[in-house]
Every structure is written in C-alpha cells, then in structure tokens.
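Take a look at the structure set out below.
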Amino acid sequence: MRLFGFETDFDDLKEIGRLLENYAKLWQDINDFAEQKQKWVKGKLQHLSIESVSSTIKYSNRTVILLKKQFEKGSQPFRILMKLKEELEKLHEIEPVIEVLTNPGLATRHWKQIEKILDMEIDPEQVSLSEFFEKQIDKKLHELETLGEKASKEFQLEKMLNTMKSEWVEMNLDLAKWKTSNVKILKSEALEEIQTLLDEHIIKAQTIRSNPSVEFMKEKAEEWERTMIFIQDALDNWIKVQ
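Here the working numbering is used: the first residue of the sequence shown is -10, the next is one more, and so on.
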C-alpha cells in the first residue's frame, strides 16, 4: 500500500505501536512506583498503609512478568525492568516489618517496647519508615512480629469491650404505669431485649476476662463483668416484686 507516494507496511506500524505501548507502560509504572516509594519511606508512618504497599507490589510484579516477555533480554528496557524487579524484591522483604509498624493495635505501651528493641526514641505521629532502616530493623523482625501479634490480640479484646459498651448507649429501660395506679413497672418488650443483651455480654465479659492477653486491661474487664451481673441481679429482683 502506498501512503503519500511511499510504500507503507502497516504491519511495521502496528509493531512500532506495540513497542511504544510497552515503553510507555514501563516508564509509567517505574514513575508511579518511585513516587509511591518516596511517600512510604519519607512520609509519616501513621499515614502508611500495608494494604497500599502490598497492592502496589503485586501490581508492579504483574507488570514485570508481562513486560519481561516483550523486551529483548539484555536490552536497555530489559535491564531497567530487572532493576525494578530488584527494587520490588527488596520492598517485599521488609513488608512484614511495615505490617508490624502500621498495626492499628499498637498502643503507647507497645511503642515503648519497640523503642527498647530498636534502641531508639520514637514519636509514632512523626516518625518515618526511613528512620527504622538505619537501625537494621530486619534483624529484629522476629521480636517485632511477636510484639505485633500481642498488640493485635490486645486490640481485639479492647475492641470487643468497647463494642459492648456502645451497645448500651441507645438502650432504654422503659417503664409504664400499672393499670390505673401511679406505680411504675418495667415494660416486658424492653425488658426482654435488655435481658438478652445482658446474658450475651456476661458470656463475652467472662470470655475476655479468661483470655491470656487480657492482663493490660484486666481491671476494666472485671469491672464490666461485675456491672453486667449487678444489673442482671437488680432486674431479676425488680421483676420478682413488681
């Protein structure tokens, strides 16, 4: 086929278009990865998400696998792609560390322990990931993972207790007049709902109290259990005399 008076092979144009798409995808992915890594390493740790890191690693690894088949081995684009692969592997190696340090269950007491493990002062609201790299944090991974597991278990217990407390916020103890008198009695509909919730919370409170990880909030757990039992006993006595 002739175009503008010249013989043109459109198959060559298609091949050039395909190569350009591959080059564009390579440069775009490298640019995106570099920008993200800069944010992760230099930005505040409290803004870092392990989900974001993991998804970026997975996406970029898929790009490497895809483009590896498209570039000639030993070519400049191929070497650049292998460099990206190395960066991804390095980041994947510290992924467990990032997961520990971004654990939402880490409380002040846990950060104090991390300070001892790494022998450094830490302000959780200001510290960046790069500051941990200086402490060869990968060599302390086992200790940090153990602490992270402990923090997660404690976080779940605290969350359970707070959830129970929140379930009582909208709970009302409704009263009604007894026939034509001014004597107030408990409404049976509301009473049944309260008793069901009490039974449920007493069991949960006992479960929390018997958990090996409860030590950090043992007094709160025991107090909540006593409160639930006290309310249950009070209601039982009220029902008997009304």
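Beta carbons are placed, not taken as given, at the ideal position from N, Cα and C, and that holds for glycine.
Exercise. Are the beta-carbon atoms belonging to Phe22 and Gly94 less than 8 Å from one another?
Worked result: no
Exercise. Grouping DSSP H, G and I as helix and E and B as strand, with all else coil, what is Ser49?
Worked result: helix
Problem set entry | Sub-8 Å separation of Lys176 and Asp188 beta-carbons | no
For this session: Kindly list the residues whose CB is nearer than 8 Å to the CB of Ile106, restricted to its own chain and excluding five residues on each side of it in sequence; keep chain order.
Result: Lys129, Glu132, Leu133 and Leu136
Exercise. Among residues of its own chain, excluding the 5 on either side of Glu211, which ones have a beta-carbon nearer than 8 Å to its beta-carbon?
Worked result: Arg198
For this session: Give me whichever residues DSSP pairs with Lys72 in a beta bridge.
Result: Its beta-bridge partners do not exist; DSSP assigns none.
Exercise. What residue ranges within the region 149 to 203 form continuous alpha helix (DSSP H) runs of no fewer than 4 residues, ordered along the chain?
Worked result: 177 to 198
Exercise. In this structure, does DSSP put Lys33 in helix, strand or coil?
Worked result: strand
Exercise. Which first and last residues belong to the alpha helix (DSSP H) in which Gln102 is found?
Worked result: Thr97 to Leu107
Exercise. With a Cβ-Cβ cutoff of 8 Å, do Ser301 and Val30 count as a contact?
Worked result: Only positions -10 to 231 of the chain appear in the structure, and residue 301 is not among them; the question remains open.
For this session: Starting from the C-beta of Ala223, find all residues in its chain whose C-beta is less than 6 Å away, skip the five residues before and the five after it, and write them out in chain order.
Result: none
For this session: Compare the C-alpha of Trp227 against each of Glu214, Met206 and Val172 and name the closest.
Result: Val172
For this session: Verify whether the separation of the beta carbon atoms of Lys74 and Val42 is less than 8 Å.
Result: no
Problem set entry | Test item: CB-CB of Ile39 and Thr91 under 8 Å | yes
For this session: Below 7 Å CB to CB, which residues in the same chain sit around Gln102 once its five sequence neighbours on both sides are set aside?
Result: Leu136
Exercise. Hey, quick one: how far does the alpha helix (DSSP H) through Met217 stretch, first residue to last?
Worked result: Lys207 to Val230
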